[in-house]
Amino acid sequence: MHLTDACLFVAAVSAVLAAWASRTASGTSSTISALCGLLGSGAFVVSVEAQATPWSEADTAVLEPVRTALGFTEGLRPLSLGANASEWRDPAACRECHRTHYDEWSVSRHAKSASNALFLAGFHLEPRRRCVHCHAPVAEETQAFLRAARSTGLGLRSNAHRADAARRRTSDSAPSYWETFSRASTAVNARGIFGVSCAVCHVRDGVILTSRPIETPEHPTRVEPSLKESRFCASCHQFRFERLGEHGSVLTESVIQDTWREAEANAEVRCQDCHMANHGHRMPGAHDQEMLERALSVRVEPIDAGHASVELSALNTGHRFPTGDLFRHLTLEVRQRDAWKTVAVLDRRFEIEDRGNYVFKREVSNESLVPGTVRSFTVPTAESFAWRVRYAFTSAKNIARGLLPDDAMIVTIKQGPLPRRLRRGDREAGAEGEGDGDAGGDAAGDRTFSSAKPAAPREQN
Numbered sequence: 220m221h222l223t224d225a226c227l228f229v230a231a232v233s234a235v236l237a238a239w240a241s242r243t244a245s246g247t248s249s250t251i252s253a254l255c256g257l258l259g260s261g262a263f264v265v266s267v268e269a270q271a272t273p274w275s276e277a278d279t280a281v282l283e284p285v286r287t288a289l290g291f292t293e294g295l296r297p298l299s300l301g302a303n304a305s306e307w308r309d310p311a312a313c314r315e316c317h318r319t320h321y322d323e324w325s326v327s328r329h330a331k332s333a334s335n336a337l338f339l340a341g342f343h344l345e346p347r348r349r350c351v352h353c354h355a356p357v358a359e360e361t362q363a364f365l366r367a368a369r370s371t372g373l374g375l376r377s378n379a380h381r382a383d384a385a386r387r388r389t390s391d392s393a394p395s396y397w398e399t400f401s402r403a404s405t406a407v408n409a410r411g412i413f414g415v416s417c418a419v420c421h422v423r424d425g426v427i428l429t430s431r432p433i434e435t436p437e438h439p440t441r442v443e444p445s446l447k448e449s450r451f452c453a454s455c456h457q458f459r460f461e462r463l464g465e466h467g468s469v470l471t472e473s474v475i476q477d478t479w480r481e482a483e484a485n486a487e488v489r490c491q492d493c494h495m496a497n498h499g500h501r502m503p504g505a506h507d508q509e510m511l512e513r514a515l516s517v518r519v520e521p522i523d524a525g526h527a528s529v530e531l532s533a534l535n536t537g538h539r540f541p542t543g544d545l546f547r548h549l550t551l552e553v554r555q556r557d558a559w560k561t562v563a564v565l566d567r568r569f570e571i572e573d574r575g576n577y578v579f580k581r582e583v584s585n586e587s588l589v590p591g592t593v594r595s596f597t598v599p600t601a602e603s604f605a606w607r608v609r610y611a612f613t614s615a616k617n618i619a620r621g622l623l624p625d626d627a628m629i630v631t632i633k634q635g636p637l638p639r640r641l642r643r644g645d646r647e648a649g650a651e652g653e654g655d656g657d658a659g660g661d662a663a664g665d666r667t668f669s670s671a672k673p674a675a676p677r678e679q680n
């Protein structure tokens, strides 16, 4: 056993003994989890909850009764489908009669919630059970995911540390941990882990939950009004990180993903109105290029011979943009010669605060776009000829280290030419037109570029 592995083993055993000594309900289950982790992989970090402080009444009070009644706990525990769960767990059981909804779901992010590269990469660096409780929420699938992770090396501390140290990529080879993510994704799919499947939202104790009455149901059904409400989506899309001791990760003092409360401020629009329009189950979001384009308006105007104004605003959205995971952010960039230069970053900022036994991450600013508010930025045009706005799904640190291929971490939402003041003779010759969104096109003098798409039609569910 290497020295590093020995240290990890001792640390993990210490965590197990500490949890056993605490004799709390959560400590007992965490002890069992930690022992399983040790036996399965030596240094696998599924035992992190053994270091967690039990949740207090104040912590659990934030959970909505409507959601907890359906078994959702914001990831605190796996989801139980109740009696006859095995009959409904596989979405293929629904396909024969609900082919359209199945086909839509099968290409959604919900179907890939436990196998997509971003989640696997995040779990590799910070392997927490609680993450799995939302990404593979059904209890049987939570355990299956952890077994798949152990079998492929996903979440090993040593691997995570190597990934953290690999900050620079070479052009002739991909980082070895990309292979780990690929193996893990294959293992997850092979073990019948369906992610956020039909049953997660629609089945409890063998009864089908529906948003509206069904005249001649083929199964026992029950109308569940919350299926049409934003608060149902908050079951997974609003959460806090667990409280961890000195060996764990940081705790965020405020709710991390608060999209639901942002949407509640705009009561006229429900999550389902945009993300399940026409009762669709593809549920497009930040990984849908068309939806991203509709959500962002860009207006570019010349200021003087060397500068232009770029105005950004969020459209057709009931929440901040970007929203969701705390590391998501926008970048406004300009093209100078043969490289892109970042001139603005719209993100969330945090401070690390040591409070004795615990380390807290406290949000100090949120620069994401607020619907109805215009943000203006001045960019140089003397040596710049194009602009672009990009959406990052992870932190700048992860992008710099090459945690995943670039196209898995960041996408360009919109781009276009920067306006330039032309010589009088050029204007008189009839130079005219507006930017067409192509960064390689010609920019006309003293012209305005405006890019906005109308909202897609909505239909009430």
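Each residue of the sequence shown is one higher than the one before, starting from 220 at the first, in the working numbering.
Even for Gly, the Cβ is constructed at its ideal location relative to N, Cα and C.
- Task: Report buried or exposed for T405, applying the criterion of at least 16 other Cβ atoms within 10 angstroms of its Cβ.
- Result: Sequence index remark: in the sequence shown, residue 405 carries index 186 (1-based). So T405 ends up on the exposed side.
- Put E487 into one of helix, strand or coil per three-state DSSP. Here the question's residue 487 lines up with position 268 in the sequence shown. Three-state result, E487: coil.
- Could you name the residues that DSSP lists as bridge partners for A558? Residue mapping note: residue 558 aligns to position 339 of the sequence shown, counting from 1. Q555, per the DSSP bridge assignment.
- Item | Where I571 falls, given that 16 or more other Cβ within 10 Å makes a residue buried | On the sequence shown, residue 571 is found 352 positions in, with the first residue counted as 1. Exposed, by the Cβ-count rule.
- Task: May I ask which residues mark the beginning and end of the beta strand (DSSP E) holding A605?
- Result: Translated into the one-based positions of the sequence shown, residue 605 becomes position 386. Here the beta strand (DSSP E) through A605 covers S603 to A611.
- Message: Assuming the contact rule is C-beta atoms closer than 8 angstroms, V598 and V562 should be a hit. Round their C-beta distance to whole Å, please.
- Response: Here the question's residue 598 lines up with position 379 in the sequence shown. Here the question's residue 562 lines up with position 343 in the sequence shown. Right, their Cβ atoms sit about 5 angstroms apart.
- Contacting residues, own chain, Cβ-Cβ under 6 angstroms from A358 (five flanking each side not counted): Working through the sequence shown from its first residue, we reach residue 358 at position 139. Hits under 6 angstroms: P297 and S299.
- Residue span of the alpha helix (DSSP H) that contains L365, given as start and end: For the purposes of this step, residue 365 is taken as residue 146 along the sequence shown, with counting starting at 1. Note, L365: alpha helix (DSSP H), A358 to T371.
- Query: By a C-beta neighbour count over all protein chains shown, 10 Å radius and 16 as the cutoff for buried, is P436 buried or exposed?
  - Reply: In the sequence shown, the residue the question calls residue 436 occupies position 217. It counts as exposed.
- Tell me whether the beta-carbon of I629 lies closer than 8 angstroms to the beta-carbon of F612. The residue you call residue 629 lines up with position 410 of the sequence shown. The residue you call residue 612 lines up with position 393 of the sequence shown. Yes, the pair counts as a contact, with Cβ atoms nearer than the cut-off.
- Query: For the alpha helix (DSSP H) that R314 lies in, which residues bound it at each end?
  - Reply: By one-based count along the sequence shown, residue 314 stands at place 95. Here the alpha helix (DSSP H) through R314 covers A311 to R314.
- Message: Contact defined as beta carbons within less than 8 angstroms: I believe R539 pairs with E530. What is the distance between those atoms, to the nearest angstrom?
- Response: By one-based count along the sequence shown, residue 539 stands at place 320. By one-based count along the sequence shown, residue 530 stands at place 311. Not really, about 17 angstroms apart at Cβ, beyond 8 angstroms.
- Could you please give the first and the last residue of the uninterrupted alpha helix (DSSP H) stretch that includes T319? To locate residue 319, count along the sequence shown from 1; it is residue 100. Run containing T319: R318 to S325, per the alpha helix (DSSP H) assignment.
- Task: In angstroms with no decimal places, state the Cα-to-Cα distance between E315 and Y321.
- Result: To locate residue 315, count along the sequence shown from 1; it is residue 96. To locate residue 321, count along the sequence shown from 1; it is residue 102. When rounded, the distance between both Cα atoms is 9 angstroms.
- Task: Please confirm whether A403 and L339 have their CB atoms less than 8 angstroms apart.
- Result: Start at 1 with the first residue of the sequence shown, and residue 403 comes out as number 184. Start at 1 with the first residue of the sequence shown, and residue 339 comes out as number 120. Cβ distance < 8 angstroms, so A403 and L339 count as in contact.
- Message: Using the Cβ count rule (16 or more neighbours within 10 Å means buried), how would you classify E323?
- Response: One-based indexing of the sequence shown puts residue 323 at position 104. E323 should be labelled buried.
- Item | Three or more C-beta pairs below 8 angstroms linking the segment 584-603 and the segment 537-554 | yes
- If you count every other CB in all the chains shown that lies within 10 Å of the CB of R513, and 16 or more means buried, which is it? To locate residue 513, count along the sequence shown from 1; it is residue 294. That one is buried.
- Query: Who are K633's beta bridge partners in DSSP?
  - Reply: Locating residue 633 in the sequence shown gives position 414, counting from the first residue. BP columns for K633 point to V608.
- Message: Under DSSP, the beta strand (DSSP E) around A527 begins and ends at which residues?
- Response: Against the sequence shown, residue 527 aligns to sequence position 308. Unbroken beta strand (DSSP E) run through A527: H526 to A533.
- Message: By alpha-carbon positions, which one of R423, P636 and R450 ends up nearest to T440?
- Response: Sequence index remark: in the sequence shown, residue 440 carries index 221 (1-based). The residue with the shortest Cα to Cα distance from T440 is R423.
- Taking Cβ to Cβ, would you say F342 is nearer than 8 angstroms to G372? As a position in the sequence shown, residue 342 is number 123, starting the count at 1. As a position in the sequence shown, residue 372 is number 153, starting the count at 1. No, the Cβ-Cβ distance between F342 and G372 is not below 8 angstroms.
- Looking only at C-alpha atoms, which of H500, A527 and H494 sits nearest to A511? Translated into positions along the sequence shown, residue 511 becomes position 292. Correcting the residue identity first, residue 511 is Leu in this sequence and not Ala. When each option's Cα is compared against that of L511, the closest is H494.
- Query: How big is the Cα-Cα spacing for D573 and R347?
  - Reply: Residue 573 sits at position 354 when you count from the first residue of the sequence shown. Residue 347 sits at position 128 when you count from the first residue of the sequence shown. So the alpha carbons of these two residues sit roughly 21 angstroms apart.
- Where I618 sits in the DSSP three-state scheme: On the sequence shown, position 399 is the one that residue 618 refers to. Reduced to three states, the DSSP call for I618 is helix.
- CB of A533 within 8 angstroms of CB of L515, strictly: To locate residue 533, count along the sequence shown from 1; it is residue 314. To locate residue 515, count along the sequence shown from 1; it is residue 296. Cβ distance < 8 angstroms, so A533 and L515 count as in contact.
- Query: Under the three-state reduction of DSSP, which class applies to D424: helix, strand or coil?
  - Reply: Working through the sequence shown from its first residue, we reach residue 424 at position 205. Coil.
- Residue environment, N335, which counts as buried when at least 16 other CB atoms sit within 10 Å: Walking along the sequence shown from the start, residue 335 turns up at place 116. With 16 or more Cβ atoms within 10 Å of its Cβ, N335 is classed as buried.
- Consult DSSP for A514 and reduce its assignment to one of helix, strand or coil. Your numbering for residue 514 matches position 295 in the sequence shown. In the structure shown, A514 sits in a helix (DSSP, three-state: H, G or I).
- Item | Buried or exposed (CB count within 10 angstroms, at least 16 for buried), S454 | Numbered from 1 along the sequence shown, position 235 holds the residue referred to as residue 454. With 16 or more Cβ atoms within 10 Å of its Cβ, S454 is classed as buried.
- Give the range of the alpha helix (DSSP H) segment to which R328 is assigned. Position 109 of the sequence shown, counted from the first residue, corresponds to residue 328. Run containing R328: none; DSSP gives neither H nor E here.
- Across which residues does DSSP place E306 in a beta bridge pair? The residue labelled residue 306 in the question sits at position 87 within the sequence shown. In DSSP, E306 forms no bridge with anything.
- Message: Just verifying my parser: in three-state terms, what is the DSSP assignment at G246?
- Response: Position 27 of the sequence shown holds residue 246. Reliability of the predicted coordinates at G246 is poor, the pLDDT of 40 falling under 50, and the value obtained from them is presented with this limitation in mind. G246 falls in the helix class under three-state DSSP.
- Task: Check whether the Cβ atoms of E448 and R489 sit closer than 8 angstroms, and answer yes or no.
- Result: Taking the first residue of the sequence shown as position 1, residue 448 is located at position 229. Taking the first residue of the sequence shown as position 1, residue 489 is located at position 270. Their beta carbons are under 8 angstroms apart, which means E448 touches R489 by this criterion.
- Query: With C-beta atoms as the reference, is G411 less than 8 angstroms away from C353?
  - Reply: As a working note, residue 411 is residue 192 in the sequence shown. As a working note, residue 353 is residue 134 in the sequence shown. No, they are not a contact pair.
- Message: Rounded to the nearest angstrom, what separates E509 and L365 at their Cα positions?
- Response: By 1-based counting over the sequence shown, the position of residue 509 is 290. By 1-based counting over the sequence shown, the position of residue 365 is 146. In a straight line, the C-alpha of E509 is about 34 angstroms away from that of L365.
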